[in-house]
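Visitor: Before we start, here is the structure in question, set down as structure tokens.
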Amino acid sequence: MTYIVTDNCIKCKYTDCVEVCPVDCFYEGENMLVIHPDECIDCGVCEPECPADAIRPDTEPGLEKFLKLNTEYAQKWPNITTKKDAPPDAKSFDGKTGKLEAYFSPNPGDGD
3 MTYIVTDNCI KCKYTDCVEV CPVDCFYEGE NMLVIHPDEC IDCGVCEPEC PADAIRPDTE
63 PGLEKFLKLN TEYAQKWPNI TTKKDAPPDA KSFDGKTGKL EAYFSPNPGD GD
């Protein structure tokens, strides 16, 4: 098992989770974060820290596409270990559906 970031992170991109990760396995895209599944130690401390409830165990049904997305982009995006301010419109995107198809950006973020 590993933890993964799901589509509710898109356009919310809260970074509370990165500060508590003991192995620094978060990677930053332009408008979301991902977890490197091979680096995650399954401790679960990040899951309750996410204000958008976007972090889930990969054992939940229907999350296969997000495991694939996390795996792919963790290899392309820069590592992030320190909390940053959320986008100013983050709250307005929290809970919206269809964000993967409508808003996902493959572009990297700044990282640390």
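For any residue, its number in this note's numbering is found by taking its place in the sequence shown, counting from 1, and adding 2.
Beta carbons: idealized from backbone N, C-alpha and C, even for Gly.
These numbers come from a predicted model, not from an experiment.
#1: Helix, strand or coil: how does DSSP classify N81 here?
#2: Could you check if C45 is buried or exposed, using at least 16 other CB atoms within 10 Å of its CB as the buried criterion?
#3: Taking DSSP as the reference, what is the three-state secondary structure of E30?
#4: Give a yes or no on whether the C-beta atoms belonging to C14 and C48 are separated by under 9 Å.
#5: Is the distance from the Cβ of C11 to the Cβ of C27 below 9 Å?
Guide: Per the coordinate set shown:
#1: Here the question's residue 81 lines up with position 79 in the sequence shown. Strand at N81.
#2: The residue you call residue 45 lines up with position 43 of the sequence shown. Looking at its Cβ environment, which holds fewer than 16 other Cβ atoms inside 10 Å, C45 is exposed.
#3: By one-based count along the sequence shown, residue 30 stands at place 28. It is a strand residue.
#4: Here residue 14 refers to the residue found at position 12 when the sequence shown is read from its first residue. Here residue 48 refers to the residue found at position 46 when the sequence shown is read from its first residue. For C14 and C48, no; Cβs fall outside 9 Å.
#5: For this step, residue 11 is matched to residue 9 along the sequence shown. For this step, residue 27 is matched to residue 25 along the sequence shown. Their beta carbons are not under 9 Å apart, which means C11 does not touch C27 by this criterion.
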